[in-house]
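Numbering (the numbering used here), first residue to last: 5 to 345. I have placed the structure first, in the form of structure tokens, so that the comments after it can refer back to it.
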């Protein structure tokens, strides 16, 4: 199966987060066939019922290639227009998986060993697969993570700070609003306060940004709402301890409003090598969840601007190019040649 066939085969399996079992089985079968004749090994790393990471290695894995098997919804199958392969996960990151496997095939054909491949579940939501992998490191010194960077090494990636904000009020008949307290009004006031908090800027990663992603509340149009909820995502550029305190103070300055839940993935400075084109990305990855897997690098085919959209696709040319980039990265990191091509 060539790189284009493998990319399409992976895309054509629905692996929206939580449904990664089938793609995991296909990859175990494919990698086991490759490992059988080349001295490799393949294992399932259980995460939850029907969900598992896949880890393959050839010798002691000094360098590990890694990306995720899951996608965002909705699923849609592959197509090929001769220039791009289309479909859910084409660039995020099933094309990357195919390119990593292609690189491994080239490394093995040249007699190389000492590398591995880690494919995880759950990256698009809670990074459950990465967290499980972090509890089971394999002694690698370098981690090459795959996400759509248009085949440029990312010098840094923003972090993500998620806030669930909840407001309480007092229900009443809407004809007598003076008898109630609107949770929605309280929430809107708190969100206004939140948007006034100064956001940090970093010379490399740029601005911290804030997005109010969801709003919900109330019981009916003729009822003063007694509950409301918003979800907010900030893309962060450094340590957030002070920022989180300012955000909390802004929200809690409004009576009846609180931050009910937070999740965070920190901003990262990443490895680079001379001779590789570079970029800086605004998204976050599983890298902050995998510190025990080694010094991180981030690169992959496709554009993040097409990921998560109905137009998701990956250029065939970039898939081929990524095979060589992943191969060369492994060889250079193994050899310690970080100063020249």
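Just so you know, even glycine gets a beta-carbon here, dropped at the ideal spot from N, CA and C.
Under the rule that 16 or more other beta-carbon atoms within 10 Å means buried, what is residue i, buried or exposed?
i	result
residue 196	exposed
residue 74	buried
residue 180	exposed
residue 345	For residue 345, the pLDDT reaches just 36, beneath the cut-off of 50, and the residue's location in the model is therefore unreliable, although a value from the coordinates is still provided. Exposed, because fewer than 16 other Cβ atoms sit within 10 Å of the Cβ of residue 345.
residue 215	exposed
residue 380	As shown, the chain starts at 5 and ends at 345. That puts residue 380 outside it, with no answer to give.
residue 227	exposed
residue 205	exposed
residue 96	buried
residue 53	exposed
residue 278	exposed
residue 83	exposed
residue 50	exposed
residue 322	buried
residue 305	buried
residue 37	exposed
Return the CA-CA distance between residue i and residue j, expressed in angstroms with no decimal places.
i	j	result
residue 262	residue 198	12 Å
residue 342	residue 293	Any answer about residue 342 is weak, because its pLDDT of 47 lies below 50 and its placement is not dependable; what the coordinates show is given next. In a straight line, the C-alpha of residue 342 is about 25 Å away from that of residue 293.
residue 328	residue 111	10 Å
residue 58	residue 119	14 Å
residue 317	residue 308	10 Å
residue 296	residue 333	19 Å
residue 275	residue 291	12 Å
residue 71	residue 236	26 Å
residue 150	residue 113	22 Å
residue 187	residue 23	36 Å
residue 99	residue 224	46 Å
residue 162	residue 182	45 Å
residue 63	residue 117	6 Å
residue 20	residue 45	27 Å
residue 107	residue 93	19 Å
residue 335	residue 81	34 Å
residue 9	residue 91	13 Å
residue 192	residue 56	41 Å
residue 254	residue 201	7 Å
residue 282	residue 156	5 Å
residue 130	residue 264	17 Å
residue 234	residue 33	43 Å
residue 134	residue 230	38 Å
residue 287	residue 145	24 Å
Report the partner residues of residue i according to the DSSP bridge assignment.
i	result
residue 215	237
residue 282	157
residue 313	In DSSP, residue 313 forms no bridge with anything.
residue 47	59
residue 65	In DSSP, residue 65 forms no bridge with anything.
residue 166	237, 267
residue 227	177
residue 20	75
residue 206	210
Relative to the alpha-carbon of residue i, which residue among the options has its alpha-carbon at the smallest distance?
i	options	result
residue 153	279, 302, 249	302
residue 138	281, 160, 122	122
residue 30	101, 80, 79	101
residue 209	158, 13, 68	158
residue 326	148, 288, 240, 44	148
residue 272	108, 279, 284, 265	284
residue 340	299, 40, 142	299
residue 40	61, 20, 25	61
residue 69	18, 253, 142, 85	142
Let me see if you follow: with CB-CB separation under 8 Å, is residue i close to chain D or not?
i	result
residue 20	Of the protein chains in this structure there is only one, and it is not chain D.
4-residue-minimum alpha helix (DSSP H) runs that sit fully inside the stretch 104-150, ordered along the chain: Qualifying alpha helix (DSSP H) stretches, in chain order: 132-138.
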